[in-house]
Amino acid sequence: MGFFISITNGLGAVNAALLALGRWLGATFVALMVIIILVQVFFRYVLNDALAWPEEAARFLMLWMTGLMAPTALRRGGFVSIEMLVRFLPRGPAAVLTIILLLLSLAVLVVGVQISWSEVTGLGGRFTTDSLSVPLPDFSGWIKVPKAWMMASLLVGLVLLIMVCVELILRAVVSLGGGDARLMVIPESTIGGGE
1 MGFFISITNG LGAVNAALLA LGRWLGATFV ALMVIIILVQ VFFRYVLNDA
51 LAWPEEAARF LMLWMTGLMA PTALRRGGFV SIEMLVRFLP RGPAAVLTII
101 LLLLSLAVLV VGVQISWSEV TGLGGRFTTD SLSVPLPDFS GWIKVPKAWM
151 MASLLVGLVL LIMVCVELIL RAVVSLGGGD ARLMVIPEST IGGGE
């Protein structure tokens, strides 16, 4: 059991660091989305001259924000109906149910990674966005943003979700063995008012 606890706590520490960075980036992307939308509102309704790029830029940021913040939601819980069912069950059956649900989730996430990888590296990823451009590294010109950069948000999000899912499976196995008191606490992992 000590092996499972150390592996689980190690993966939990890695996940905590990555997800903290993801939350910070996600919040930054939300702020940038608001600014971009306000710029578009000004140009469209005040100057009557809508810009071509703001909607696509906001979509780009929204995809990355979702990919970076969804793993935090999975790790912290908050799926009220599942949480309520697990809380009504004794510890053993609750852990078994949790493991079954997480293994099903893991299978779906693995298929999702395969699909997203093919989207990033396949035909769709070779095209560029219609209106988003970034400067070349030497600032000698501009290139259109590849759609693979947008699709990579799905791949990154799914990989992070897999890491969280594996951690939660390990936590459930440790809990089933009675060692959950030695696991690191996941911050804000309780349902406020859901019970």
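Sequential numbering of the sequence shown, starting at 1, is according to my numbering. Note that CB positions come from ideal geometry on N, CA and C, so glycine has one too.
Given a length threshold of 4 residues, each whole run of the alpha helix (DSSP H) inside the segment 60-111 is given here in chain order: 80-88. Between Ser153 and Gly67, the CB-CB gap stays under 7 Å. Per DSSP, Ser140 is not a residue of any alpha helix (DSSP H), being assigned neither H nor E. Under the three-state reduction of DSSP, Asp130 is assigned to strand. Counting along the chain, Val166 sits inside the alpha helix (DSSP H) bounded by residues 147-176.
In this chain, the alpha helix (DSSP H) harbouring Phe29 covers 2-41.
Comparing alpha-carbon positions, the option among Pro90, Arg126, Val86 lying closest to Leu102 turns out to be Val86.
In chain order, Gln40, Phe43, Arg44 place their CB closer than 8 Å to the CB of Ala50, counting only its own chain and leaving out the 5 sequence neighbours on each side. Look at the beta carbons and you see the segment 119-136 not touching the segment 93-101: under three pairs across the two are nearer than 8 Å. Three or more beta-carbon pairs separated by less than 8 Å are not found between the segment 170-179 and the segment 140-150, which leaves the two stretches without contact. Around Gly179, the same chain offers Met1, Ile5 as residues with beta carbons nearer than 6 Å, after the five sequence neighbours per side are excluded. Straight through space, the alpha carbons of Leu106 and Ala73 are spaced by roughly 15 Å.
With a 10 Å radius around the Cβ and a threshold of 16 neighbouring Cβ atoms, Gly22 comes out buried.
Cβ-Cβ distances below 7 Å link Trp53 to Ser131, Leu132 in the same chain, with the five nearest sequence neighbours on each side left out; the list follows chain order. With fewer than 16 neighbouring CB atoms inside 10 Å of its own CB, Val14 falls in the exposed class. Counting only residues of its own chain and dropping the five nearest sequence neighbours on each side, Leu89 has a CB closer than 7 Å to the CB of Leu97.
In chain order, Ser133, Val134, Leu136 place their CB closer than 7 Å to the CB of Ile143, counting only its own chain and leaving out the 5 sequence neighbours on each side. For the pair of segments examined, the segment 108-128 was found not to touch the segment 54-61: the number of CB pairs separated by less than 8 Å stays below three. Shortest Cα-Cα distance from Leu168 to any of Leu32, Pro93, Ala181, Gly77 involves Gly77.
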